[in-house]
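The listed protein sequences derive, respectively, from chains A and B.
Each number in my numbering corresponds to the 1-based position in the first sequence with 1 added.
Each number in my numbering corresponds to the 1-based position in the second sequence with 1 added.
Some notes on the structure that comes next.
2 protein chains.
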Amino acid sequence: MRILGLDPGSRHTGFGVVERRGAKLHAVTSGRISPPKGQSLELRLVHLCRELERVVEQFRPQAAALEALFQGVNPRSLIVLAQARGALLVTLAQRDISCREYSPAEVKSALTGHGRADKQQVQRMVRLILGLGAEPLSVDASDALAVAVCYAQRYRLDSLAP
Amino acid sequence: MRILGLDPGSRHTGFGVVERRGAKLHAVTSGRISPPKGQSLELRLVHLCRELERVVEQFRPQAAALEALFQGVNPRSLIVLAQARGALLVTLAQRDISCREYSPAEVKSALTGHGRADKQQVQRMVRLILGLGAEPLSVDASDALAVAVCYAQRYRLDSLAP
Chain A
2 MRILGLDPGS RHTGFGVVER RGAKLHAVTS GRISPPKGQS LELRLVHLCR ELERVVEQFR
62 PQAAALEALF QGVNPRSLIV LAQARGALLV TLAQRDISCR EYSPAEVKSA LTGHGRADKQ
122 QVQRMVRLIL GLGAEPLSVD ASDALAVAVC YAQRYRLDSL AP
Chain B
2 MRILGLDPGS RHTGFGVVER RGAKLHAVTS GRISPPKGQS LELRLVHLCR ELERVVEQFR
62 PQAAALEALF QGVNPRSLIV LAQARGALLV TLAQRDISCR EYSPAEVKSA LTGHGRADKQ
122 QVQRMVRLIL GLGAEPLSVD ASDALAVAVC YAQRYRLDSL AP
């Protein structure tokens, strides 16, 4: 089972693919997509979707997970993020990859055991759970791996439930 | 010159294609896309984009116009609308159809001469400018034609400017 985690941002979109092998989770790939800054919104969205397609074609995830949009951010950022999400969701759905959403608190809770963990704690747990060494890991990539780990753990719990 | 106008909504997305022939504008087609209500967000977005592709393939617009998102609506609606916009924009851009945005006031002003016209006034002017008779026209389709007319008039003014 391979799960793609995505962390859409206004400038960078983090991605990470996680695979379950037996009881353990492994990071298959991670990184970030950064559409050129000067371009129009549409061209940035096209760039984003094209790069997402490449990741999907190369690493073949069966499912995807995203963090739910946080309604507290300002309307302008909300619009930018939601537009990117719409473009990403349709790109995934056109390839039959279903998507689940988790709130930031659910992701933190799945990784650290409590919903109010800070960014550093989450990143430490991402490294630990996925057996990553000291290799460089951008915040975007780490957040994307975190939501993929959250999906993998939730999915496992769901499948164990009676 | 054919222009596609779009009016994305949470349930229905209006569309309308307008063509300039000499000094006059004509409605080539209009209607609305209504993804099935019970489906997941992704599948609704896929439905929306597939239907948009059909309109584009059949009527071959060279450019598209949308109303700018109104930041006063509540965050939940803003997310729904912005996600639909993201999916639509990327679908258009992948087919090399560039998109322009106009504020609601710009659209009203282009059609009626003042930015605070009501829905009925705008719809009356859409019918008048495009030479539509008493044939039925949904609000979504009318709003989509309105933004296409706005583009056509602005474009013409821009091309006349020194």
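Positions of the beta carbon are idealized from the N, C-alpha and C atoms, including for glycine.
In this text, all values refer to a predicted model and were calculated from it rather than measured experimentally.
In chain B, which residues lie with their C-beta within 8 Å of the C-beta of residue i?
{"i": "Pro-221(A)", "result": "Because residue 221(A) is not part of the residues shown, which for chain A are 2 to 163, the question remains open."}
{"i": "Gln-84(A)", "result": "Ala-83, Gln-84, Arg-86, Gly-87, Leu-90"}
Using the beta-carbon of each residue, which ones in chain B are nearer than 9 Å to residue i?
{"i": "Ala-149(A)", "result": "Going along chain B, no residue has its Cβ under 9 Å from Ala-149(A), so there is no contact; the nearest lies around 17 Å."}
For the alpha helix (DSSP H) containing residue i, name the first residue and the last one.
{"i": "Gly-87(A)", "result": "76 to 94"}
{"i": "Lys-109(A)", "result": "105 to 113"}
{"i": "Arg-55(B)", "result": "42 to 60"}
{"i": "Gln-124(B)", "result": "120 to 131"}
Roughly how many angstroms separate the alpha carbons of residue i and residue j, rounded to a whole number?
{"i": "Lys-25(A)", "j": "Tyr-156(A)", "result": "14 Å"}
{"i": "Gln-95(A)", "j": "Val-47(B)", "result": "6 Å"}
{"i": "Gln-59(B)", "j": "Val-150(A)", "result": "44 Å"}
{"i": "Gly-15(A)", "j": "Arg-125(B)", "result": "48 Å"}
{"i": "Val-127(A)", "j": "Arg-61(A)", "result": "21 Å"}
{"i": "Met-2(B)", "j": "Met-2(A)", "result": "49 Å"}
{"i": "Gly-131(B)", "j": "Leu-67(A)", "result": "At residue 131(B) the sequence reads Leu, which differs from the Gly that was named. Distance between the alpha carbons of Leu-131(B) and Leu-67(A): 44 Å."}
{"i": "Ala-135(B)", "j": "Ser-104(A)", "result": "49 Å"}
{"i": "Gly-73(B)", "j": "Asp-97(B)", "result": "31 Å"}
{"i": "Ser-35(A)", "j": "Leu-133(B)", "result": "46 Å"}
{"i": "Arg-55(B)", "j": "Ala-106(B)", "result": "30 Å"}
{"i": "Gln-121(A)", "j": "Asp-144(A)", "result": "11 Å"}
{"i": "Ala-182(A)", "j": "Ala-28(A)", "result": "Outside the shown range of chain A, which is 2 to 163, sits residue 182(A), and nothing can be said about it."}
{"i": "Ser-31(A)", "j": "Thr-30(B)", "result": "45 Å"}
{"i": "Asn-75(B)", "j": "Ser-139(A)", "result": "33 Å"}
{"i": "Ala-142(B)", "j": "Asp-8(B)", "result": "8 Å"}
{"i": "Ala-153(A)", "j": "Arg-21(A)", "result": "8 Å"}
{"i": "Ile-4(B)", "j": "Arg-33(B)", "result": "16 Å"}
{"i": "Gln-63(A)", "j": "Leu-79(B)", "result": "29 Å"}
{"i": "Phe-71(B)", "j": "Arg-77(A)", "result": "10 Å"}
{"i": "Leu-42(A)", "j": "Arg-51(A)", "result": "14 Å"}
{"i": "Leu-93(B)", "j": "His-115(A)", "result": "43 Å"}
{"i": "Val-91(A)", "j": "Leu-82(A)", "result": "14 Å"}
{"i": "Glu-102(B)", "j": "Ala-111(B)", "result": "13 Å"}
{"i": "Ser-11(A)", "j": "Ala-69(A)", "result": "15 Å"}
{"i": "Pro-49(B)", "j": "Leu-89(A)", "result": "The question names Pro, but residue 49(B) is Leu in the sequence shown. Taking the straight line joining both Cα atoms gives about 14 Å."}
{"i": "Leu-53(A)", "j": "Asp-119(A)", "result": "28 Å"}
Can you confirm whether residue i, when its beta carbon is compared against all beta carbons of chain B, has any partner nearer than 8 Å?
{"i": "Ala-106(A)", "result": "no"}
{"i": "Gly-87(A)", "result": "yes"}
{"i": "Ala-118(A)", "result": "no"}
Taking C-beta pairs closer than 7 Å, name the residues in chain B that residue i reaches, listed in chain order.
{"i": "Ala-94(A)", "result": "Glu-43, Leu-44, Leu-46, Val-47"}
{"i": "Ala-66(A)", "result": "The premise fails here: Ala-66(A) is roughly 13 Å from chain B at the closest Cβ pair, so nothing lies under 7 Å."}
{"i": "Gln-40(A)", "result": "Residues of chain B passing the Cβ test: none, with the nearest at roughly 10 Å."}
Quick check on the burial criterion: 16 or more other C-beta atoms within 10 angstroms. Buried or exposed for residue i?
{"i": "Pro-37(B)", "result": "exposed"}
{"i": "Lys-109(B)", "result": "buried"}
{"i": "Ala-65(A)", "result": "buried"}
{"i": "Leu-129(B)", "result": "exposed"}
{"i": "Pro-137(A)", "result": "exposed"}
{"i": "Gly-17(B)", "result": "buried"}
{"i": "Arg-117(B)", "result": "exposed"}
{"i": "Gln-40(B)", "result": "exposed"}
{"i": "Gln-84(A)", "result": "buried"}
{"i": "Arg-45(A)", "result": "buried"}
{"i": "Gly-87(A)", "result": "buried"}
{"i": "Gly-23(B)", "result": "exposed"}
Within the 8 Å Cβ cut-off, does residue i reach chain A?
{"i": "Gly-90(B)", "result": "It is Leu, not Gly, that sits at residue 90(B) in the sequence shown. Answer yes: the Cβ-Cβ gap between Leu-90(B) and chain A drops below 8 Å somewhere."}
{"i": "Ala-28(B)", "result": "no"}
What first and last residue would you give for the beta strand (DSSP E) that runs through residue i?
{"i": "His-27(A)", "result": "25 to 34"}
{"i": "Ile-4(B)", "result": "3 to 8"}
{"i": "Leu-67(A)", "result": "64 to 68"}
{"i": "Arg-21(B)", "result": "14 to 22"}
Is residue i near the ligand ADP, with its Cβ less than 7 Å from a heavy atom?
{"i": "Lys-109(A)", "result": "You won't find the ligand ADP in this model; it holds no ligand whatsoever."}
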